[in-house]
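Residue numbers for the sequence shown follow the working numbering, beginning at 25 and rising by one.
Idealized CB from N, CA, C, for every residue including glycine.
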Amino acid sequence: MSFFCLVHGAFQGAWCWDLLIPYLEAQGHKTVAMDLPIEDASASLSQFADVILQALPKTDDDIVLVGHSMAGTVIPLVAEAHRVSQLVFLTALIPYPGISTIDQFCHPGSEHLK
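Next up, the structure:
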């Protein structure tokens, strides 16, 4: 069975996984969902990743890292620091190397990235 680490998007919290967690656990999987410090405007993506890393088990479980919305920009950072078996981008922002999220959506010439 797998260990699902469920990471919420902006303007949400761990509560957004409340309906999914019982389903996954009924299938025999383990789960964790944590609250990111999204209310802290000065918090960086690296700080978000640190919160997630603290919630992960220290074992070699089969970890599936699920990121919703804004969390798509964070879960690759976690995967660089901790072995995971899968990254799941659930209607998530997918980071484009070398281009900020703002640039992906707000600047002329970025239409090919959408």
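Outcome for residue i when other beta-carbon atoms lying within 10 angstroms are tallied against a minimum of 16
| i | result |
| --- | --- |
| M25 | exposed |
| G52 | exposed |
| W41 | buried |
| L80 | buried |
| G91 | buried |
| L48 | buried |
| L43 | exposed |
| I123 | exposed |
| A50 | exposed |
| A57 | buried |
Coarse secondary structure for residue i, derived from DSSP in three states
| i | result |
| --- | --- |
| S139 | Any property of residue 139 remains undetermined from this structure, which presents the chain solely from 25 to 138. |
| S109 | coil |
| I118 | coil |
| A95 | helix |
| A34 | coil |
| L89 | strand |
Cβ-Cβ distance between residue i and residue j below 8 Å
| i | j | result |
| --- | --- | --- |
| T55 | F28 | yes |
| L111 | P100 | yes |
| D64 | A38 | no |
| L114 | V102 | no |
Are there three or more Cβ pairs, one per stretch, closer than 8 Å when the stretch 31-48 is compared with the stretch 92-105?
With a cut-off of 8 Å, the stretch 92-105 and the stretch 31-48 count as touching, because enough Cβ pairs lie within range.
At least three beta-carbon pairs within less than 8 Å, the stretch 66-80 to the stretch 104-113:
yes
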